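Taken in sequence, the protein lines are chains P and Y. Read in the numbering used here, the first sequence has 76 at position 76, and its numbers run on one by one without any break. Read in the numbering used here, the second sequence has 1113 at position 113, and its numbers run on one by one without any break. Beta carbons are placed, not taken as given, at the ideal position from N, Cα and C, and that holds for glycine. Predicted model, so just to flag it, every value in this text is computed and none were measured. Take a look at the structure set out below.
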Amino acid sequence: MSERRLMLLHYVTGIGILITGAVHLWVVFFTVPLDQTIWETTMLFDNHPFAILSVYRNALLASTLWLLLVFTTYHAMNGIRVILMELIPNRSFVSAIKWVLIALGLFLVVYGTRTILIAYNIR
Amino acid sequence: MLFPSRYSLERWSYTLQRITGVVVTLYFVLHVIETGNFVGGPSVWYVPPYDYARAYYEEIREFLHNPVFDVGLVIIGWMVAFHAVNGLRLTLAHFGVTLGRPSRVEPEAPPRSFSPLQRAIFWISIAIAVFAVVYSLNALMGVLAA
Chain P
1 MSERRLMLLH
11 YVTGIGILIT
21 GAVHLWVVFF
31 TVPLDQTIWE
41 TTMLFDNHPF
51 AILSVYRNAL
61 LASTLWLLLV
71 FTTYHAMNGI
81 RVILMELIPN
91 RSFVSAIKWV
101 LIALGLFLVV
111 YGTRTILIAY
121 NIR
Chain Y
1001 MLFPSRYSLE
1011 RWSYTLQRIT
1021 GVVVTLYFVL
1031 HVIETGNFVG
1041 GPSVWYVPPY
1051 DYARAYYEEI
1061 REFLHNPVFD
1071 VGLVIIGWMV
1081 AFHAVNGLRL
1091 TLAHFGVTLG
1101 RPSRVEPEAP
1111 PRSFSPLQRA
1121 IFWISIAIAV
1131 FAVVYSLNAL
1141 MGVLAA
């Protein structure tokens, strides 16, 4: 893919992270009353409207988390690639680091998807 | 190259965007691994019994619930808020929004990519990041309720 398209995707996933990340932050932080902490509410395992399992069992919220995972993985890996490319502008280094970042990105998506799918099904 | 003190405010924005991006990426990798504990850890690739997953998570929660991790998360909150709003500024600039009308570039003129509106959004990103620090301090440690 051309550099122009990679960067366009970088900006598009950035906007995607703003939307799905806002939902994630709303669930974890902004549903918590000001006189309580997340440890007493949203970081509980269960038995709270926005406890961890409650969020994962909600198909819409779980899907939002998965989109956030995919958007952030691409955005982060491409961001690191751009930074390294600027710091060390060497063609073979850039090519090597590209495959390392693709491997790390695949690991993150597979492992994160596993967590989301399993947590959705815990009863 | 990254050290911004000899350059304009835009270079500070450039450097901060990269530093926060790298740190938030490190946090993101750890966060994906850490949230794997909700279902019983990295070795679980099937749906575990509810009680097993709960007991495993409670142990991890006990470990994470301490002031050191809370302060770490507050710093991440600052970085995420700055990176998000400053990133929005960069996205607008990339598509030519907020840059004003094209005109002749004068010698010694400030960079066209950092128009007054762009500059304002940079300072808004700093302000929102400060708000994120206060809000997350309360959400994590209850500093306002104390």
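Within 8 Å of any Cβ in chain Y, is that where the Cβ of Trp39/P sits?
yes
On the premise that Asp46/P lies in contact with Arg1054/Y, defined as a C-beta separation below 8 Å, what is that separation, rounded to the nearest angstrom?
7 Å
Identify which residue in His75/P, Leu106/P, Met1/P and Leu60/P has its Cα closest to the Cα of Arg1018/Y.
For the residues His75/P, Leu106/P, Met1/P and Leu60/P, the minimum Cα distance to Arg1018/Y belongs to His75/P.
Does the Cβ-Cβ distance between Ile38/P and Ala1145/Y come in under 8 Å?
no
Taking 8 Å as the threshold, find out whether the stretch 1025-1035 of chain Y comes into contact with the stretch 1085-1104 of chain Y through three or more Cβ pairs.
no
Taking C-beta pairs closer than 9 Å, name the residues in chain Y that Tyr74/P reaches, listed in chain order.
Here the premise fails: no neighbours, minimum Cβ distance about 12 Å.
Pairs of beta-carbons, one from the stretch 18-28 of chain P and one from the stretch 87-99 of chain P, closer than 8 Å: are there three or more?
The stretch 18-28 of chain P, when compared against the stretch 87-99 of chain P, does not touch it at the 8 Å Cβ threshold.
Would you say Arg123/P reaches chain Y, if we count a Cβ-Cβ gap shorter than 8 Å as a contact?
yes
Mind checking if Ala1139/Y is an interface residue toward chain P, Cβ cutoff 8 Å exclusive?
yes
Please classify Phe30/P as buried or exposed, where buried requires at least 16 other C-beta atoms within 10 Å of its C-beta.
By the neighbour-count rule (16 or more Cβ atoms within 10 Å), Phe30/P is not buried but exposed.
Using beta carbons (cut-off 8 Å, strictly below), is Phe1063/Y in contact with chain P?
no
Check whether the Cβ atoms of Val1023/Y and Ile83/P lie closer than 8 Å to each other.
no
Near-chain Y residues of the stretch 100-123 of chain P - C-beta to any C-beta below 8 Å
Leu104, Leu108, Tyr111, Gly112, Arg114, Thr115, Ile118, Ala119, Asn121, Ile122 and Arg123
What residue range does the alpha helix (DSSP H) around Pro1116/Y cover?
Pro1116 to Met1141
Anything in chain P within Cβ reach of Arg1011/Y, meaning under 7 Å, just list it in chain order.
Going along chain P, no residue has its Cβ under 7 Å from Arg1011/Y, so there is no contact; the nearest lies around 13 Å.
C-beta atoms of Phe1069/Y and Ala1129/Y nearer than 8 Å:
no
So what's His48/P in DSSP terms, helix, strand or just coil?
coil
Inter-residue Cα distance where the pair is Ala1127/Y and Gly1077/Y:
Separation of Ala1127/Y and Gly1077/Y (C-alpha to C-alpha, rounded to the nearest whole angstrom) is 13 Å.
Given Ser92/P, which residues of its chain have a CB within under 6 Å of its CB, disregarding the five upstream and five downstream residues?
none
With 16 as the cutoff for other CB atoms within 10 Å, does Met1/P come out buried or exposed?
Under this definition Met1/P is an exposed residue.
What residues of chain P sit near Val1044/Y, judged by a beta carbon separation below 8 Å?
Ile118
For the alpha helix (DSSP H) that contains Met1/P, what are its first and last residues?
Element bounds for Met1/P: n/a, residue is neither H nor E.
Say whether chain Y places a C-beta atom closer than 8 Å to the C-beta of Val70/P.
Contact of Val70/P with chain Y is not assigned, every C-beta pair being separated by 8 Å or more.
Are the CB atoms of Leu1088/Y and Leu18/P within a distance shorter than 8 Å?
yes
Cβ-based neighbour list, Thr13/P, same chain, cut-off 7 Å, excluding 5 preceding and 5 following
The residues are Phe71, Tyr74 and His75.
What residue range does the alpha helix (DSSP H) around Trp66/P cover?
Ala59 to Leu87
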